[in-house]
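Every position in the sequence shown, counted from 1, becomes a number in this note's numbering once 350 is added. From the three backbone atoms N, C-alpha and C, an ideal C-beta is built for every residue, glycine too. Okay, structure first, notes after.
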Amino acid sequence: MSAPAREGRLPAACSADAPLAPLTHCRIGGVARTLCVARSEEDVRQAVEYRRQANLSDDDVFILGGGANVLINDAREYGLVLKLSEHFRAIEVDDTAGTARIEAGIYTPRLVREAGRRGWQGFQFLAGVPGTLGGAVAMNAGVRELSTWDLVLAVEGFRWNGDRVRIERGQARPAYRRGNLPPDLIVTLVECRIRGGDAEEIHRQARELSTSRRETQPLRFPSWGSTFQNPSGASSSGTTAGALIDSAGLKGFRVGDAAISDKHANFIVNLGAATAADALACIRAAYEAVRERHGIRLEPEVRLIGFAPSDLAFLEAA
């Protein structure tokens, strides 16, 4: 890790020595020596320039979306963490083209409500996807056969070298739970196709998905969401990761305050004071049990941030 950058004035959107756990859904995280919560593209530009001046390495910098789908190593600090503010959520509609340009900091539940208010068909499934639109695009988040990139025409943003870029859907070639965007891309805007629908039906479908999430997922305790991708892809066909972990007898498995949920085995919950090491031990136990029992190598859906290669070597072991 590079040395802390303390010299010079922090950009207005930045703060020093910020704990990251409160910003994540699983309530686990280290400390950002500099945290930038950007409310505008100018704030993003300033963060990019700050990184250049501080000479921070790739290992010392990352982008945090809404805090879902991440496990951050809490045994270390990070030089710069960039997060889009929840106020980074403006929507510009082109009715003639049938498109909307949506700022990437918007939280998916807010986007679902806004789409319902405007009578836009197709956004309802995001009611079951926590986080921000930018994060959902980066991982191609979704439910069943529906994924974020089904809505997306293009994304815009900045590279860490300062270049502003636009990437069309055909250039990204998104796949199951992969946006396939450049790892150094800071997504600031998402261009979506919009189409009208019946407002009442749109609200009904969104409510059904929200209800299903409450009934099938362990929302009582903090969790990052699904731990592994389903080996068969869409969760409505084939064997799911949760079923494989369950059949290996891992429901309820616990290390410290991290536990594989009794309600849904593909969720690891924080029972109170779980550390990243506790959570990673549960991930490893589930991965190895499924590999040994079924001969299947599960692929993490959760983004593992700040861990040494040796910590994650079990994912590559024969």
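**Length at least 3, wholly inside the region 493–523: the beta strand (DSSP E) runs in chain order** = Fully contained in the region 493–523 are the following beta strand (DSSP E) runs of length 3 or more, in chain order: 502–509, 514–518.
**Prompt:** Which parts of the region 413–460 are runs of the alpha helix (DSSP H), unbroken and 4 residues or longer, counting only runs that do not cross its ends?
**Reply:** Entirely contained in the region 413–460, not one alpha helix (DSSP H) run reaches 4 residues.
**Contiguous beta strand (DSSP E) assignments of at least 3 residues, all confined to the region 352–388** = Runs of the beta strand (DSSP E) inside the region 352–388: 364–369, 381–388.
**Message:** Taking 8 Å as the limit between beta carbons, can you name the residues of its chain near serine 586, skipping five residues before and five after?
**Reply:** Here residue 586 is taken as the residue at index 236 of the sequence shown, counted from 1. With a pLDDT of only 46 at serine 586, under 50, the local geometry of the prediction cannot be trusted, and no value is derived from it.
**Prompt:** Skipping 5 residues on each side, what residues in its chain have a beta carbon closer than 6 Å to that of alanine 368?
**Reply:** Within the sequence shown, the letter at position 18 stands for residue 368. Close CB contacts of alanine 368 within its chain, under the 6 Å cut and outside five residues either way in sequence, are with Ala382, Leu385 (chain order).
**Request:** State the CB to CB distance for the pair tryptophan 499 and glycine 529, rounded to an integer number of angstroms; the pair is presumed to be in contact (CB under 8 Å).
**Result:** For the purposes of this step, residue 499 is identified with residue 149 of the sequence shown, where counting begins at 1. For the purposes of this step, residue 529 is identified with residue 179 of the sequence shown, where counting begins at 1. Confirmed, Cβ separation roughly 7 Å.
**Item:** threonine 538, enclosing alpha helix (DSSP H) - first and last residue
**Value:** Within the sequence shown, the letter at position 188 stands for residue 538. Here threonine 538 belongs to no alpha helix (DSSP H); instead the beta strand (DSSP E) covers 535–543.
**Item:** Residue nearest to aspartate 548 in terms of C-alpha spacing, selected from Gln474, Leu421, Thr458, Thr566
**Value:** Looking up residue 548 in the sequence shown gives position 198. For the residues Gln474, Leu421, Thr458, Thr566, the minimum Cα distance to aspartate 548 belongs to Gln474.
**Prompt:** Going by alpha carbons, who is nearest to serine 407 out of Glu666, Asp534, Gly485?
**Reply:** Residue numbering aside, residue 407 sits at position 57 when the sequence shown is read from its first letter. When each option's Cα is compared against that of serine 407, the closest is Asp534.
**Asked** Cα separation between tryptophan 470 and alanine 522?
**Response** Residue mapping note: residue 470 aligns to position 120 of the sequence shown, counting from 1. Residue mapping note: residue 522 aligns to position 172 of the sequence shown, counting from 1. Those two C-alpha atoms are separated by around 24 Å.
**Prompt:** Are alanine 635 and leucine 559 close, meaning C-beta to C-beta below 8 Å?
**Reply:** Your numbering for residue 635 matches position 285 in the sequence shown. Your numbering for residue 559 matches position 209 in the sequence shown. No; because the gap between Cβ atoms is not below 8 Å, this pair is not in contact.
**Which of helix, strand or coil DSSP assigns to threonine 482** = Taking the first residue of the sequence shown as position 1, residue 482 is located at position 132. DSSP places threonine 482 in the strand class (E or B) of the three-state scheme.
**Request:** Could you tell me if alanine 663 is buried or exposed, where buried requires 16 or more neighbouring beta carbons within 10 angstroms of its beta carbon?
**Result:** Against the sequence shown, residue 663 aligns to sequence position 313. Residue environment for alanine 663: exposed (fewer than 16 other C-beta atoms within 10 angstroms of its C-beta).
**Closest Cα partner of arginine 658 within the set Gly592, Leu370, Asn423** = On the sequence shown, position 308 is the one that residue 658 refers to. Note that residue 658 is alanine in the sequence shown here, rather than arginine. Comparing Cα positions, the closest option is Asn423.
**Message:** Helix, strand or coil, according to DSSP, for serine 586 in the structure here?
**Reply:** Reading the sequence shown from its first residue, position 236 is the one you call residue 586. Reliability of the predicted coordinates at serine 586 is poor, the pLDDT of 46 falling under 50, and no value is obtained from them.
**Item:** Buried versus exposed, by CB contacts within 10 Å (16 or more), proline 524
**Value:** For the purposes of this step, residue 524 is identified with residue 174 of the sequence shown, where counting begins at 1. Classification of proline 524: buried, given that the 10 Å Cβ count is 16 or more.
**Complete beta strand (DSSP E) runs within the region 559–639 (minimum length 3 residues, chain order)** = Segments of the beta strand (DSSP E) lying fully in the region 559–639: 573–576, 608–610, 617–620.
**Contact the region 603–614 vs the region 503–523: 3+ CB pairs below 8 Å** = The answer is no - the region 503–523 does not touch the region 603–614, with fewer than three Cβ pairs under 8 Å.
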